[in-house]
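Chemist:
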Amino acid sequence: MKRRELLKLAAVTAALLTTTALLASGNAYAQDKKWKIGFSQVTTIEPWRAQFNKDILAEAAKHPEIELIVTDGEDKTEKQVADVENLIRQEVDALLVSPKESAGLTGVVQQAIDAKIPVFVLDRNVETKDYTQFVGGDNKLIGRAAGEYAVELLGGKGKAAGNVVEIWGGMGTQPAHDRHDGFHEFTDKEPGIKYLLDQQSGDWKQDQAYNIMATALRNNEKIDLVYGHNDPMAYGAYLAAKDVGREKDIKFIGIDGLPNEGVTLVNNGELTATFTYVTPGAEGLRQAIKFLNGEKVEKTITLPTEKITKENAAQILKDNGL
Amino acid sequence: MSILNILSRTKLYWGLIAIFLIGVLGSPISSKGNNIFLSYGNLLDVLRQVSTTGLIATGMTAVIITGGIDLSVGSLMAICTVVCAMLLTVPGVTPAVVLGVPTVAVVALCLGILVTRFVFLNIEKSRAGPQATHAIRLDSVRGLVTPGIVGVILCSLVLWFLLPQVGSKFGVVGVLLVAPCVGLLFGALNGFIIVAGRLQPFIVTLAMMVTALGIARLTAGQNNAVLPVYTGSNATADFEMLRSLVFGVIPMPGLFFLGAILIYGAVLRFTPFGRYVYAIGGNEEAARLSGIAAGRVKIATYAMSGLLAGVAAVLYVAQYRQGKPDAGAGLELDAIAAVVIGGTSLMGGRGSLIGTFCGVLIFGLLSNILQLHNINSNLQLVLKGMIIIGTVLVQERNAVDLLFYLRLAFAPLWGGQAHKETTAAKRPSKETPSLNLGGNKK
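Residue numbers (our numbering), protein chains in the order written: chain A, 189 to 510; chain B, 19 to 460.
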């Protein structure tokens, strides 16, 4: 019995030593890189975020002098704050962070700034002005582009008419409000446009949008246009219409325009149009490297949007190798 | 007692030390040549990060020792973060005030009554001496009137303190009073339903988890997924104190966590209440028959669990500068995992808060180490799951036992009558395991 316990003890000790050795050897390889850049991402299991990560990793591959550390916040504020704290301890040369919420991440971003780490805030801003740069899309701008195109689809300026279903993203989120406000800046000027739903939120999800649209189709004889705050929701609405055989009478507009998502849907003729909400991944990293190399960077960079319709969808897919 | 025996008795601490050693020895070295893991800042980060889960796990430990479980703590914390953030940032009569202030009044009233009665009862008991055979009763003046008066006085004192703050925004002391009381009330409600309705704690607290999430969302309102708290601009600057370092040494949340562990640990170990908690977990019926008011003790543990969730909520708001209805999502499971890693049995009757403290730290250090090495986050989840299983296995059985069961299970594959007999001879435990396997003919 005693010998067995000793064996056990030996096994545990051996395991401990191996783990330590493995961990220690893991550290050794990356020492020759010039810059160590940390990127704290919110989550990796959402299409737009996945594209975001893909973009930043693709950009990092073009710069052999940097080592990029990507952390995953698992969609929790607590985890993301811990991630950023961790990156600060690792003494990264620059910190890129795409906050889950403005309020939740402000404290730790301030902490990084206090530790003299240049901070690049991507996509969603924080409540401090001491960061180095903010890179993000402008949801209002995209909403406006969508609104302008919607008016065009429904008959043109001044004579546009039709019933519009708008499917909101998360009710409490700023992007949803911005996408709504921008859209309505154009559509509200048209007396012919009627809105069928009152602030129905699909929480950015395809299945919830499907349910909202199914109800809307049952309650309304005539629907002319669906505006989803993102592509999956617009597609969910499309599926609901298809299931009752009415998809041909309705135009579907979405936002985000990811190559393997919105653009493909437009190319298939399922969505009428989508507006790209470019991920700040590539641009953010480019700016950070520029800054590290001693160049000056602007305080804010607003990424432009692009309208994707049947005409240019195929070309964009080809450019992305799809 | 051999050294090995001592080693296996204290294996939890050795586990903690082992994790720590792995962290120190394997830690990446910063550009200035410092050991990153061992740096004071990093260790403080860990302590701060585990505090919320730790506070929840502290309350959870006592509940689990009684043989129950509390799944509602995450949602209770969510309510409390929303209440806390709203009180701090929105002046006037808000849903948070409507929910919070009467709750504090009720809690103060009950507390006054109960404490006074408790004091009188014990005076009476000591007067009667240890030989007293008759049940001790209080007359109506001391049993009802005086406690009532004390309760009302306490209640009005609290209201006198809180009501002026309604017009403006609440201060630090105000929210530190209201949020835990809200948690306490919901926790006590949990306990009351479990005891009075004789229902499974699992179901009752599951229902409370859903209900509380709804209440949190209702309190926050449709358009407020997040209630940001910016100390100094929309809330009192004093609130910053709750996320700062005390004397520049230890973070405030960590202090709360350590305090809770020490106080609650002492209560569980040294007071009759603590004995009752263990007794109920061991055998509730026996405890009841030997004169323990099992119902009251259980209600108290659930109430404490709620209270600590409330405290955790205030610290959450301070740390993340926001209150939101999904703040504590999944937290109850983290807490349960930490409690179980700490050696507390889900069957009840066994466990300790020191164990929970180690469990929480093991979990926190592990996350920290994995993150310092930038291990893929999905792989991290897998590793964490495996470590929970591994630790609990080591806690519950020793490895020799395990090997035996494994061999028994695979005996039919290896075949051979002779082999079966040898394993049977080596079997360490006394009773026959009731495993009926296909190849194992009798």
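We put the beta carbon where it would ideally sit given N, CA and C, even for glycine.
Note that the coordinates shown come from a computational prediction; the quantities given were computed from them, not determined experimentally.
1. Can you tell me which of the three DSSP states P46(B) falls into?
2. Starting from V108(B), trace the alpha helix (DSSP H) both ways and give me its first and last residue.
3. Does the beta carbon of D318(A) sit closer than 8 Å to a beta carbon anywhere in chain B?
4. Which ranges does the beta strand (DSSP E) cover as unbroken runs of at least 3 residues, wholly within the region 402 to 447 of chain A, from first to last along the chain?
5. Any residues in the region 248 to 273 of chain A with a beta carbon nearer than 9 Å to a beta carbon of chain B? Which ones, in chain order?
6. Comparing the C-beta of N53(B) with each C-beta of chain A, is any distance below 8 Å?
7. Cutting at 6 Å between CB atoms, please list the residues of its own chain near T452(A), excluding the five before and the five after it.
8. Look up D260(A) in the DSSP assignment and give the residues it is bridged to.
9. Below 8 Å on the Cβ atoms is my contact criterion, and I expect I37(B) with L384(B) to pass it. Report the Cβ-Cβ distance as a whole number of Å.
10. What does V410(B) pair with, by DSSP beta-bridge criteria?
11. Would you call the CB atoms of T237(B) and L106(B) closer than 8 Å?
12. Return the first residue and the last residue of the beta strand (DSSP E) that L284(A) is part of.
13. Apply the 10 Å Cβ neighbour rule to H437(B) and answer buried if 16 or more other Cβ atoms are within range, or exposed otherwise.
14. Please list, in chain order, the chain A residues whose beta carbon lies closer than 9 Å to that of I407(B).
15. Please list, in chain order, the chain B residues whose beta carbon lies closer than 7 Å to that of T294(A).
16. Any C-beta of chain B within less than 7 Å: which residues of the region 273 to 289 of chain A qualify?
17. 8 Å is my cut-off, CB to CB: does L310(B) come that close to chain A?
18. Measuring only the C-alpha atoms, how far is G472(A) from E486(A)?
19. In terms of residues, what are the limits of the beta strand (DSSP E) holding F240(A)?
20. Applying the 10 Å Cβ sphere with the 16-neighbour rule, what's the burial state of W178(B)?
21. A243(B) touches chain A at which residues, Cβ-Cβ below 8 Å?
22. What first and last residue would you give for the beta strand (DSSP E) that runs through G377(B)?
23. Examine chain A for any beta-carbon lying closer than 8 Å to the beta-carbon of N386(B), and answer yes or no.
24. I need the straight-line Cα distance from D344(B) to V269(A), nearest angstrom please.
25. Quick one: any contact between the region 120 to 131 of chain B and the region 165 to 178 of chain B, if contact means 3 or more CB pairs under 8 Å?
26. Give the straight-line distance between the Cα atoms of G215(B) and R235(B), rounded to the nearest whole angstrom.
27. Among I279(B), T28(B), L195(B), whose alpha-carbon lies nearest the alpha-carbon of G72(B)?
28. Should P113(B) be flagged as near chain A, meaning a C-beta pair shorter than 8 Å?
29. Please compile the residues from chain B whose C-beta is within a distance smaller than 9 Å of the C-beta of E234(A).
30. Rounded to whole angstroms, how far is the Cβ of D64(B) from the Cβ of N386(B), which I believe are closer than 8 Å?
31. In chain order, what residues of the same chain have a beta carbon less than 7 Å from the beta carbon of L245(B), not counting five sequence neighbours either side?
32. Using the three-state DSSP reduction, which class does S246(B) fall into: helix, strand or coil?
33. Exposed or buried, what is N418(A) when buried is set at 16 or more other beta-carbons lying within 10 Å of its beta-carbon?
34. Residues in the region 246 to 262 of chain B with C-beta within 9 Å of chain A's C-beta atoms, listed in sequence order?
35. Is the distance from the Cβ of R367(A) to the Cβ of I330(A) below 8 Å?
36. In whole angstroms, what separates the C-alpha of G313(B) from that of P287(A)?
Modeler: Here's the rundown:
1. Along the second sequence, one-based indexing puts residue 46(B) at 28. Here P46(B) sits in coil by DSSP.
2. Working through the second sequence from its first residue, we reach residue 108(B) at position 90. Counting along the chain, V108(B) falls outside any alpha helix (DSSP H), and DSSP gives it neither H nor E.
3. As a first step, residue 318(A) must be located in the first sequence, where it is residue number 130. For D318(A), the answer is no, since every Cβ of chain B falls outside 8 Å of its Cβ.
4. 413 to 416, 439 to 444
5. I257, V258, T259, D260, G261, E262, K264, T265, E266, K267, V269, A270, D271, E273
6. Position 35 of the second sequence, counting from 1, holds the residue named residue 53(B). Not one chain A Cβ lies under 8 Å of N53(B).
7. Counted from its first residue, the first sequence places residue 452(A) at position 264. Nothing listed; no residue qualifies.
8. To locate residue 260(A), count along the first sequence from 1; it is residue 72. Q229(A), per the DSSP bridge assignment.
9. Indexing the second sequence from 1 puts residue 37(B) at position 19. Indexing the second sequence from 1 puts residue 384(B) at position 366. Right, their Cβ atoms sit about 6 Å apart.
10. Along the second sequence, read from residue 1 onward, the residue named residue 410(B) stands at position 392. Answer by DSSP bridge pairing: none, since V410(B) is not bridged.
11. Here the question's residue 237(B) lines up with position 219 in the second sequence. Here the question's residue 106(B) lines up with position 88 in the second sequence. No, these two residues do not count as a Cβ contact at 8 Å.
12. On the first sequence, position 96 is the one that residue 284(A) refers to. From DSSP, the beta strand (DSSP E) with L284(A) extends over 282 to 285.
13. What you label residue 437(B) is simply residue 419 of the second sequence in a count that begins at 1. With a pLDDT of 48 at H437(B), under the threshold of 50, the modelled position of that residue is not reliable, and the figure given next carries that caveat. Exposed, because fewer than 16 other Cβ atoms sit within 10 Å of the Cβ of H437(B).
14. The sequence position of residue 407(B) within the second sequence is 389, counting from 1. Ordered by position in chain A, no residue passes the 9 Å Cβ test against I407(B), which lies about 15 Å from the chain.
15. Taking the first residue of the first sequence as 1, we reach residue 294(A) at position 106. What T294(A) touches in chain B: R339.
16. E273, N274, R277, Q278, E279, E289
17. If you number the second sequence from 1, residue 310(B) lands on position 292. This sequence places Ile at residue 310(B); Leu is not what is there. Taking Cβ atoms only, chain A never reaches closer than 8 Å to I310(B), which makes this a no.
18. Within the first sequence, numbered from 1, the residue matching residue 472(A) stands at position 284. Within the first sequence, numbered from 1, the residue matching residue 486(A) stands at position 298. In a straight line, the C-alpha of G472(A) is about 12 Å away from that of E486(A).
19. Against the first sequence, residue 240(A) aligns to sequence position 52. Per DSSP, F240(A) belongs to no beta strand (DSSP E); it is in the alpha helix (DSSP H), 235 to 249.
20. Residue 178(B) sits at position 160 when you count from the first residue of the second sequence. The residue is exposed, with fewer than 16 neighbouring Cβ atoms inside 10 Å.
21. The residue labelled residue 243(B) in the question sits at position 225 within the second sequence. Correct list: G358, M359, G360, T361.
22. The sequence position of residue 377(B) within the second sequence is 359, counting from 1. That residue, G377(B), is in no beta strand (DSSP E); its alpha helix (DSSP H) goes 371 to 390.
23. Taking the first residue of the second sequence as 1, we reach residue 386(B) at position 368. Judged by the 8 Å Cβ criterion, N386(B) is in contact with chain A.
24. Along the second sequence, read from residue 1 onward, the residue named residue 344(B) stands at position 326. Along the first sequence, read from residue 1 onward, the residue named residue 269(A) stands at position 81. Cα to Cα, the separation comes out at about 16 Å.
25. yes
26. Against the second sequence, residue 215(B) aligns to sequence position 197. Against the second sequence, residue 235(B) aligns to sequence position 217. Approximately 27 Å between the Cα atoms of the pair.
27. One-based indexing of the second sequence puts residue 72(B) at position 54. Checked all of I279(B), T28(B), L195(B); the closest Cα to G72(B) is I279(B).
28. Here residue 113(B) is taken as the residue at index 95 of the second sequence, counted from 1. Not one chain A Cβ lies under 8 Å of P113(B).
29. Position 46 of the first sequence, counted from the start, is the residue given in the question as residue 234(A). None at all; the shortest Cβ gap to chain B is about 14 Å.
30. Here the question's residue 64(B) lines up with position 46 in the second sequence. Here the question's residue 386(B) lines up with position 368 in the second sequence. The sequence given here has Val at residue 64(B), not Asp. About 5 Å; that satisfies the 8 Å criterion.
31. Position 227 of the second sequence, counted from the start, is the residue given in the question as residue 245(B). Once the five neighbours on either side are set aside, the close Cβ partners of L245(B) are V100, A103, M104, T107, A238, Q340, G341, K342.
32. As a first step, residue 246(B) must be located in the second sequence, where it is residue number 228. Going by the sequence as given, residue 246(B) is Pro instead of Ser. Note: P246(B) maps to strand in three-state DSSP.
33. For the purposes of this step, residue 418(A) is taken as the residue at position 230 of the first sequence. Under this definition N418(A) is a buried residue.
34. P246, V247, Y248, S251, R261
35. Translated into positions along the first sequence, residue 367(A) becomes position 179. Translated into positions along the first sequence, residue 330(A) becomes position 142. Their beta carbons are under 8 Å apart, which means R367(A) touches I330(A) by this criterion.
36. The residue you call residue 313(B) lines up with position 295 of the second sequence. The residue you call residue 287(A) lines up with position 99 of the first sequence. Near 46 Å, if we compare the C-alpha coordinates of P287(A) and G313(B).
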